[in-house]
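Asker:
Numbering (the numbering used here), first residue to last: -4 to 300.
1) Determine which residues share a DSSP beta bridge with residue 168 and list them.
2) Tell me the DSSP secondary structure of residue 220 in three-state form.
3) With a threshold of 8 Å on Cβ separation, who are the neighbours of residue 227 within its own chain once the five nearest residues in sequence on each side are excluded?
4) Between residue 235 and residue 171, is the Cβ-Cβ spacing less than 9 Å?
5) Give the straight-line distance between the Cα atoms of residue 244 and residue 107, rounded to the nearest whole angstrom.
6) Just to confirm, are residue 111 and residue 20 a CB contact at a threshold of 9 Å?
7) Rounded to whole angstroms, what's the CA-CA distance from residue 165 to residue 12? Just pull it up for me.
8) Which same chain residues, not among the five before or five after residue 17, have their C-beta less than 7 Å away from its C-beta?
9) By Cβ distance, which residues of its chain are closer than 7 Å to residue 6, with the 5 residues on each side in sequence left out?
10) By a C-beta neighbour count over all protein chains shown, 10 Å radius and 16 as the cutoff for buried, is residue 46 buried or exposed?
11) Provide the residue span of the alpha helix (DSSP H) that contains residue 69, from first to last.
12) Please report the straight-line C-alpha distance between residue 233 and residue 293, rounded to a whole angstrom.
13) Over the uninterrupted alpha helix (DSSP H) stretch that includes residue 187, give me the two end residues.
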């Protein structure tokens, strides 16, 4: 009886991850709905002011829920290994949930963001789509393109998960960017400017980091760039179906050097994440991808010689 209850723990965590991913999709839909109603009921200028707080409420939640889903995805795998409660059914459930939370949810969020990005209204400080009762051919083409681009991530996620399920032996690395990393990273990047004022601003610590202000400003402008978001989205999607090796965090920690540096590094990252969450996570996420790609290229050259 007790053994059966242990099997419920990882599966329950998997369902929580599904709930968070599904909720992210609903918040993305709610964001578009509120945008449409606001734009139809007010003039363009007043709508810009009325919507100023709206994306911080729905788009922010859509992004952060994907990130939280990735944490529960990590916890369900960890609990299954620690409790020795891994089952074939649990593995299939995990893959199906990953497709929803890290394939569909980020894609819907991306489509929402790019749809809003048809026109940028500086007064609102956000990307805003004109809903004036008609759509020009140019706008129709832009929306159709957004749909095609949004399809890239879930399709790559599907192939990535299918390939992962076929692997039987244990490896210290992932072949292709894990869907969990990809989905969580896109959730943070797409909603980078819509939420989470750094804790450093609240407690006044940011005054001691004035030298970082130019970096913060450039980063925020970069992640507000419509075309940059598209490039990042496509790149992250395609990385999932490559043969590039992305080493598992637990494998790095288990190594001798990892055991020496993991605790101090974890403490430093925890403090920095509390102060500058979104900046630290994006830097760590992109740094992990860049390191894996460079290491793979260098190792490939050595093996070729």
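We treat Cβ as the ideally placed atom computed from N, Cα and C, and that holds for glycine.
Answerer: So, from the listed chains and residues:
1) Translated into positions along the chain shown, residue 168 becomes position 173. Answer is 242, bridged to residue 168.
2) On the chain shown, residue 220 is found 225 positions in, with the first residue counted as 1. Reduced to three states, the DSSP call for residue 220 is coil.
3) As a first step, residue 227 must be located in the chain shown, where it is residue number 232. Once the five neighbours on either side are set aside, the close Cβ partners of residue 227 are 181 and 184.
4) On the chain shown, position 240 is the one that residue 235 refers to. On the chain shown, position 176 is the one that residue 171 refers to. Yes; because the gap between Cβ atoms is below 9 Å, this pair is in contact.
5) Position 249 of the chain shown, counting from 1, holds the residue named residue 244. Position 112 of the chain shown, counting from 1, holds the residue named residue 107. Spanning the two alpha carbons is a distance of roughly 32 Å.
6) Along the chain shown, one-based indexing puts residue 111 at 116. Along the chain shown, one-based indexing puts residue 20 at 25. For residue 111 and residue 20, no; Cβs fall outside 9 Å.
7) Locating residue 165 in the chain shown gives position 170, counting from the first residue. Locating residue 12 in the chain shown gives position 17, counting from the first residue. Spanning the two alpha carbons is a distance of roughly 24 Å.
8) Numbered from its first residue, the chain shown carries residue 17 at position 22. Here the set comprises 95.
9) Translated into the one-based positions of the chain shown, residue 6 becomes position 11. The residues are 85 and 88.
10) If you number the chain shown from 1, residue 46 lands on position 51. Per-residue confidence for residue 46 stands at a pLDDT of 42, beneath the threshold of 50, marking its modelled position as unreliable; the derived number appears in the next sentence. That one is buried.
11) Counting from one through the chain shown, the residue named residue 69 turns up at place 74. Where residue 69 is concerned, the enclosing alpha helix (DSSP H) stretches over 54 to 77.
12) Taking the chain shown and counting its residues from 1, the one referred to as residue 233 is at position 238. Taking the chain shown and counting its residues from 1, the one referred to as residue 293 is at position 298. Cα-Cα distance, rounded: 20 Å.
13) Residue mapping note: residue 187 aligns to position 192 of the chain shown, counting from 1. First-last for residue 187: undefined, no H or E at that position.
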